[in-house]
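S.K.: Take a look at the following structure, please.
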Amino acid sequence: MELIQVNQFGGPEVLKLISQPTPKPGPMEVRLRVTSIGLNHADLMGREGQYKASTGEPPFVPGIEAGGIIEEVGGEVDASRIGERVVVAPTLPRPNAGPHGGTYRSHIVIDESQALLAPDALPNEQLGAVWLPYLTAWGCLAWKDQLKPGAVVGIPAASSSVGLAAAQVVKALGGTAIGLTSSPNKAQAIQSLTTSRFDHIVVTHDKDEQGNRTMRPWHREIKQLTDGKGVDVYFDPVASGEYLSAEVRSLAKGGRIYIYGLLGDPGPVDLSPMIIKNASLHGWVLDEIVQAGDAHWHKACSEILRRFINRTFEQHLSRVYPLAEVQRAHEEMAQGRHIGKLVLVP
Ligand SMILES: NC(=O)c1ccc[n+]([C@@H]2O[C@H](COP(=O)([O-])OP(=O)(O)OC[C@H]3O[C@@H](n4cnc5c(N)ncnc54)[C@H](OP(=O)(O)O)[C@@H]3O)[C@@H](O)[C@H]2O)c1
């Protein structure tokens with residue numbers, strides 16, 4: 281089999297394609313021929329040595345999402361599962377978990393219980409791109425926040441895979457989705473997607489002739505769009521000082537801000553309006569629902585897969601790269617011009 285190994289932290293050039301013997305599944309295990317590996321911002325951080333809690337020290341195999349087709353089963357596993365199209369459960373894998381972890385590989389051995397049957401509506405190249413966008417959004421908004429119908433949700437990084445999924449989750453829960461994106465071009469591109477479910481898109485930045493970006497006072501547009509009431513929930517992976525300040529200013533009474541990424545530069549935030557608004561600020565990480573126990577994440581996963589069957593949820597793939605071109609895929613993600621999910625296919 282082929283896999284990508286990182287032998288030292290660094291830029292995209294440290295991602296090396298190597299060959300190894302294909303592993304055999306043990307008792308209660310299955311081996312997948314991987315058909316799809318979702319690329320995530322966390323993979324870039326891991327490669328650079330900024331996410332050691334997940335990667336450990338090199339060498340490791342990057343990647344935290346995968347899906348594929350069961351091609352061999354170990355002892356005590358029903359042989360009728362051979363040929364099943366499956367999504368690898370969100371509890372697995374971890375890049376430092378040896379043959380069970382790090383999904384940048386052509387074949388992977390996992391516990392049988394971690395191979396979740398995929399609906400026909402999910403094509404092979406999307407099997408490895410479900411949990412990070414959809415369980416991150418569903419877990420925070422449906423499971424943790426218990427979002428009510430009619431709620432207005434602000435979604436920064438609207439063009440990201442999580443942002444696009446979050447809009448679909450908000451609509452499925454009966455809310456209004458306002459996306460925030462960095463440029464008019466991206467706003468137009470998002471609006472033209474058949475998979476976009478945003479009710480409104482707000483542009484957050486202006487660019488001068490030298491290419492320098494300055495933030496617009498976009499909280500005013502949010503106030504206008506919500507008739508002065510503000511947003512009930514912000515679901516935010518940017519979390520820069522200036523973003524958070526604008527969010528606090530345009531938050532409704534009783535509003536909640538969930539921070540789930542650190543894409544922006546940290547900076548001072550004026551939190552004082554939160555007192556009068558009786559508002560709250562929370563961190564969110566997908567692992568919270570996984571750690572809550574099997575019953576919680578299993579229910580969420582089946583809710584999500586059910587919505588792929590009836591096409592409430594539809595994934596937009598920005599681009600599919602062969603596994604051997606992983607360095608180019610990382611470069612593209614770092615540039616931040618893509619819209620939706622980048623995927624590797626072995
Ligand atoms: N907490 C969790 O459990 C969890 C799970 C999954 C992902 N995440 C986090 O969610 C975020 C999005 O993940 P993704 O894989 O969907 O990423 P992605 O597709 O690469 O999204 C990046 C987008 O974020 C926006 N952005 C805004 N400010 C930015 C900045 N200062 N630098 C870079 N990008 C900026 C841009 O979109 P616009 O131009 O539209 O603004 C950019 O295209 C990442 O921070 C990731 O770590 C967290």
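Using this note's numbering, the first residue of the sequence shown is number 281, and each one after it goes up by one. Think of the CB as a built atom: it goes at the ideal place given N, C-alpha and C, for glycine as much as any other residue.
1) Between the alpha carbons of Val-483 and Gln-471, how many angstroms are there, rounded?
2) Which residue spans inside the segment 542-573 form an unbroken beta strand (DSSP E) run of at least 3?
3) Three or more C-beta pairs under 8 Å: does that hold for the segment 346-354 against the segment 395-408?
4) Once the 5 residues before and after Gly-354 are set aside, which same chain residues still bring their CB inside 6 Å of it?
5) Within 10 angstroms of its Cβ, does Asn-558 collect 16 or more other Cβ (buried), or is it exposed?
6) Would you mind listing the alpha helix (DSSP H) stretches within the segment 380-443 that are 4+ residues and don't spill past its ends, in chain order?
7) Quick check on the burial criterion: 16 or more other C-beta atoms within 10 angstroms. Buried or exposed for His-562?
8) For the segment 593-611 and the segment 293-301, state whether three or more C-beta atom pairs, one from each stretch, are separated by less than 8 Å.
9) Compute the Euclidean distance between the alpha carbons of Pro-626 and Pro-497, then round it to the nearest angstrom.
10) Tell me the residue span of the beta strand (DSSP E) that contains Gln-285.
11) Taking 7 Å as the cut-off, is the C-beta of Thr-371 nearer than that to any heavy atom in ligand 1?
12) Could you check whether Leu-473 and Val-449 sit closer than 8 Å to each other, using their CB atoms as the reference points?
13) Is Glu-462 a contact residue of ligand 1, with contact defined as CB to any heavy atom under 7 Å?
14) Whole angstroms is fine: what's the gap from Leu-566's alpha carbon to Trp-418's?
15) Out of curiosity, what's the CA-to-CA distance linking Glu-611 and Phe-478?
16) What ranges does the alpha helix (DSSP H) occupy inside the segment 585-626, keeping only unbroken runs of at least 4 residues that lie completely in it?
17) With hydrogens ignored, establish whether the beta-carbon of Met-613 is closer than 7 Å to any heavy atom of ligand 1.
18) Would you kindly work out how many angstroms separate the C-alpha atoms of Ser-440 and His-618, rounded to a whole number?
19) With a threshold of 6 Å on Cβ separation, who are the neighbours of Asp-545 within its own chain once the five nearest residues in sequence on each side are excluded?
20) For Ser-386 versus Val-433, is the C-beta distance shorter than 8 Å?
21) Any heavy atom of ligand 1 closer than 7 Å to the CB of Leu-624?
22) Measure the alpha-carbon distance for Gly-455 versus Gly-430 and round it to whole angstroms.
23) Hey, is the segment 541-556 in contact with the segment 569-584, meaning 3+ C-beta pairs nearer than 8 Å?
24) At a threshold of 7 Å, does Leu-524 count as lining ligand 1 (C-beta to nearest heavy atom)?
25) Could you tell me if Leu-412 is buried or exposed, where buried requires 16 or more neighbouring beta carbons within 10 angstroms of its beta carbon?
26) Can you round the beta-carbon distance between Gly-459 and Ile-481 to whole angstroms, since I take them to be within the 8 Å contact cut?
27) Quick one: residues in its chain with C-beta nearer than 8 Å to the C-beta of Asn-287, no 5 flanking neighbours on either side, listed in chain order?
M.R.: Well, looking at it:
1) Indexing the sequence shown from 1 puts residue 483 at position 203. Indexing the sequence shown from 1 puts residue 471 at position 191. When rounded, the distance between both Cα atoms is 12 Å.
2) Fully contained in the segment 542-573 are the following beta strand (DSSP E) runs of length 3 or more, in chain order: 560-563.
3) Short answer: they touch.
4) Counting from 1 along the sequence shown, the entry for residue 354 is found at position 74. Here the set comprises Pro-305, Gly-306, Pro-307, Glu-309.
5) Taking the sequence shown and counting its residues from 1, one reaches residue 558 at position 278. That one is exposed.
6) The segment 380-443 contains these whole alpha helix (DSSP H) runs: 411-418.
7) Position 282 of the sequence shown, counted from the first residue, corresponds to residue 562. Burial check for His-562: the Cβ neighbour count within 10 Å stays below 16, so the residue is exposed.
8) Here the segment 593-611 makes contact with the segment 293-301; the two share three or more CB pairs at distances below 8 Å.
9) For this step, residue 626 is matched to residue 346 along the sequence shown. For this step, residue 497 is matched to residue 217 along the sequence shown. Using only the alpha carbons, I get a separation of about 44 Å.
10) Counted from its first residue, the sequence shown places residue 285 at position 5. Segment 282-286, the beta strand (DSSP E) holding Gln-285.
11) Here residue 371 is taken as the residue at index 91 of the sequence shown, counted from 1. No; taking the cut-off as 7 Å, the Cβ of Thr-371 has no heavy atom of ligand 1 nearer than that.
12) Numbered from its first residue, the sequence shown carries residue 449 at position 169. Numbered from its first residue, the sequence shown carries residue 473 at position 193. Val-449 places its beta carbon 8 Å or farther from that of Leu-473.
13) For the purposes of this step, residue 462 is taken as the residue at position 182 of the sequence shown. The sequence as given places Ser at residue 462; Glu does not occur at that position. When distances are taken from the beta-carbon of Ser-462 to the heavy atoms of ligand 1, the shortest one is below 7 Å.
14) Looking up residue 566 in the sequence shown gives position 286. Looking up residue 418 in the sequence shown gives position 138. One C-alpha to the other measures close to 9 Å.
15) Position 331 of the sequence shown holds residue 611. Position 198 of the sequence shown holds residue 478. For Glu-611 and Phe-478, the distance between alpha carbons rounds to 28 Å.
16) Restricted to the segment 585-626, the alpha helix (DSSP H) segments that are unbroken, complete and at least 4 residues in length are 606-615, listed in chain order.
17) Counted from its first residue, the sequence shown places residue 613 at position 333. Short note on Met-613: C-beta closer than 7 Å to some heavy atom of ligand 1.
18) In the sequence shown, residue 440 corresponds to position 160, counting from 1. In the sequence shown, residue 618 corresponds to position 338, counting from 1. The alpha-carbon atoms of Ser-440 and His-618 are separated by roughly 8 Å.
19) Taking the sequence shown and counting its residues from 1, one reaches residue 545 at position 265. Apart from the 5 residues on each side of it in sequence, Asp-545 sits with its Cβ closer than 6 Å to the Cβ of Ser-520 in its chain, given in chain order.
20) The residue labelled residue 386 in the question sits at position 106 within the sequence shown. The residue labelled residue 433 in the question sits at position 153 within the sequence shown. Between Ser-386 and Val-433, the C-beta spacing is not below 8 Å.
21) For the purposes of this step, residue 624 is taken as residue 344 along the sequence shown, with counting starting at 1. It does not: the Cβ of Leu-624 is nowhere closer than 7 Å to a heavy atom of ligand 1.
22) One-based indexing of the sequence shown puts residue 455 at position 175. One-based indexing of the sequence shown puts residue 430 at position 150. A direct Cα-to-Cα measurement between Gly-455 and Gly-430 gives close to 5 Å.
23) A contact is defined here as three or more CB-CB pairs under 8 Å, and the segment 541-556 fails this definition with respect to the segment 569-584.
24) Taking the sequence shown and counting its residues from 1, one reaches residue 524 at position 244. Because no heavy atom of ligand 1 lies under 7 Å away, the Cβ of Leu-524 does not count as near it: no.
25) As a first step, residue 412 must be located in the sequence shown, where it is residue number 132. Leu-412 should be labelled buried.
26) For the purposes of this step, residue 459 is taken as the residue at position 179 of the sequence shown. For the purposes of this step, residue 481 is taken as the residue at position 201 of the sequence shown. Going by Cβ atoms, the distance from Gly-459 to Ile-481 rounds to 5 Å, so yes, they are a contact pair.
27) The residue given as residue 287 occupies position 7 in the sequence shown. Closer than 8 Å at Cβ, skipping near neighbours: Val-294, Lys-296, Pro-338, Pro-339.
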